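Chemist: Residues 41 to 291 in the working numbering are what the sequence shown spells out, letter by letter.
Glycine included, each C-beta is placed from N, C-alpha and C at the ideal position.
Only a predicted model underlies this, so the values are computations on that prediction, with no experimental measurement involved.
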Amino acid sequence: LLGIIKGITEYYTPEEVNIYILDSASLMLVGIQNLCYVSSVITSRDDEKLKTFFNTISEEIEARKDKLSDMGYGSFQSYRKAGKKDMPEIVIMVDNVVAFKEMYPECVDIMTVILRDGLSVGICVITTSAQASALGYRASSFFSKRIALSSNDNNIYSQLFDRNKLYPDNIPGRFITAIDKTVYEVQGYVPFDYSEDSTMLEVLTKFVSDVNSKHKSSGVQKMRSMPEVVNEEYINEIEYVHDDNKLLIGI
41 LLGIIKGITE YYTPEEVNIY ILDSASLMLV GIQNLCYVSS VITSRDDEKL KTFFNTISEE
101 IEARKDKLSD MGYGSFQSYR KAGKKDMPEI VIMVDNVVAF KEMYPECVDI MTVILRDGLS
161 VGICVITTSA QASALGYRAS SFFSKRIALS SNDNNIYSQL FDRNKLYPDN IPGRFITAID
221 KTVYEVQGYV PFDYSEDSTM LEVLTKFVSD VNSKHKSSGV QKMRSMPEVV NEEYINEIEY
281 VHDDNKLLIG I
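1. Output the boundary residues of the beta strand (DSSP E) element that contains residue 133.
2. Spell out a yes or no on whether the region 115-129 and the region 138-152 are touching, meaning 3 or more CB-CB pairs, one atom from each, closer than 8 Å.
3. Within 10 Å of its beta-carbon, does residue 103 have 16 or more other beta-carbons around it, so buried, or fewer, so exposed?
4. Thinking C-alpha only, which one of 186, 194 and 250 is nearest residue 220?
5. Do the region 152-169 and the region 200-209 meet, that is, are 3 or more Cβ pairs less than 8 Å apart?
6. Taking a contact to mean a Cβ-Cβ separation below 8 Å, would you say residue 72 touches residue 45 in this structure?
7. Going by alpha carbons, who is nearest to residue 76 out of 48, 88 and 194?
8. Between which residues of its own chain and residue 227 is the CB-CB distance below 7 Å, once the five residues before and five after are set aside?
9. Looking only at its chain, what residues have a beta carbon closer than 6 Å to the beta carbon of residue 210, apart from the 5 residues adjacent to it on each side?
10. Within 10 angstroms of its Cβ, does residue 54 collect 16 or more other Cβ (buried), or is it exposed?
11. Among 196, 194, 180 and 136, which residue has its Cα nearest to the Cα of residue 169?
12. Please work out which residues of its chain come closer than 6 Å, Cβ to Cβ, to residue 163, disregarding the five sequence neighbours upstream and downstream, and give them in chain order.
13. Count the other CB atoms, across all protein chains shown, that sit within 10 Å of the CB of residue 58; report buried if there are 16 or more and exposed otherwise.
14. Taking 8 Å as the threshold (C-beta atoms), are residue 62 and residue 133 in contact?
15. Which residues mark the beginning and the end of the beta strand (DSSP E) in which residue 189 is found?
16. Going by other Cβ atoms of all chains shown within 10 Å of its Cβ, with 16 needed for buried, is residue 64 buried or exposed?
17. Report the start-end ranges of each alpha helix (DSSP H) in the region 166-215 that is 4 residues or longer and not cut off at the edges.
18. Considering just the uninterrupted stretch of the alpha helix (DSSP H) at residue 95, what are its terminal residues?
19. Identify the continuous alpha helix (DSSP H) that holds residue 72 and give its terminal residues.
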């Protein structure tokens, strides 16, 4: 996922792509939560943020359906082909979808709705999983692109790619994917170069700083959620209008 994120920052602007991340794995992706492309990073401890996320995306899907219909476009793709760019592509990343399903089984149905309805309005989902059937047949059918890394179980490849006889070599970064129904073996790369003297968090912090410095005048709107401590900074962030005749005592 870090490689995809880095690629997005190299080819698109924050106005063109917004990213939401559901980190159910190592929590390493929290290190890029301040990236100007990222609206929110939600971990397994953020129950309230997760509810806010699903409400936000569900409302966005309906709003985009209405907007595209009013403008006479049948899909987000035709909207972009017409040169329109005021609606950004939204990329939702779910790291370790198996853990996500185990922790939030009640969210599987709404995620399936997002998979079904999102793509036509410019909202795509990218997931990682150690199991080929983690999402189930119905949800998996909504994924047009699949990548399979090296595995001890060759049956996984036939589950992901029909009538496939090509397996990736047992080499770090080697994987297979299908392009125009033809399966290819591909070599991936490490997106960041870090040595024993620097931790991944330090490398990500520098990456975020470098990217943000290139887009000082732009950035996505961060997803709002209730902080553990409601302070004056949060009150200003939600643009609360002070009134001398009213006293704010809670939210």
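Modeler: The relevant details are as follows:
1. Here the question's residue 133 lines up with position 93 in the sequence shown. Per DSSP, the unbroken beta strand (DSSP E) holding residue 133 starts and ends at 129-135.
2. no
3. Counting from one through the sequence shown, the residue named residue 103 turns up at place 63. Burial call: exposed.
4. In the sequence shown, the residue the question calls residue 220 occupies position 180. For residue 220, the nearest C-alpha among the options comes from 186.
5. By the Cβ rule, the region 152-169 does not count as touching the region 200-209, because fewer than three pairs are nearer than 8 Å.
6. Taking the sequence shown and counting its residues from 1, the one referred to as residue 72 is at position 32. Taking the sequence shown and counting its residues from 1, the one referred to as residue 45 is at position 5. Yes. Within cutoff.
7. The count along the sequence shown starts at 1 and reaches residue 76 at position 36. With distances taken between Cα atoms, residue 76 lies closest to 48.
8. By 1-based counting over the sequence shown, the position of residue 227 is 187. Excluding sequence neighbours, residue 227 sits near 213 and 214.
9. Numbered from its first residue, the sequence shown carries residue 210 at position 170. Answer for residue 210: 190, listed in chain order.
10. In the sequence shown, the residue the question calls residue 54 occupies position 14. Looking at its Cβ environment, which holds 16 or more other Cβ atoms inside 10 Å, residue 54 is buried.
11. Within the sequence shown, numbered from 1, the residue matching residue 169 stands at position 129. For the residues 196, 194, 180 and 136, the minimum Cα distance to residue 169 belongs to 136.
12. Position 123 of the sequence shown, counting from 1, holds the residue named residue 163. 130.
13. The residue labelled residue 58 in the question sits at position 18 within the sequence shown. The residue in question, residue 58, is buried, as its Cβ has 16 or more Cβ neighbours within 10 Å.
14. Working through the sequence shown from its first residue, we reach residue 133 at position 93. Working through the sequence shown from its first residue, we reach residue 62 at position 22. In this structure, residue 62 lies closer than 8 Å to residue 133 by Cβ.
15. To locate residue 189, count along the sequence shown from 1; it is residue 149. Unbroken beta strand (DSSP E) run through residue 189: 187-189.
16. Here residue 64 is taken as the residue at index 24 of the sequence shown, counted from 1. The residue in question, residue 64, is buried, as its Cβ has 16 or more Cβ neighbours within 10 Å.
17. For the region 166-215, whole alpha helix (DSSP H) runs of length 4 or above, ordered along the chain, are 176-180 and 195-200.
18. Within the sequence shown, numbered from 1, the residue matching residue 95 stands at position 55. Segment 87-111, the alpha helix (DSSP H) holding residue 95.
19. Within the sequence shown, the letter at position 32 stands for residue 72. First-last for residue 72: undefined, no H or E at that position.
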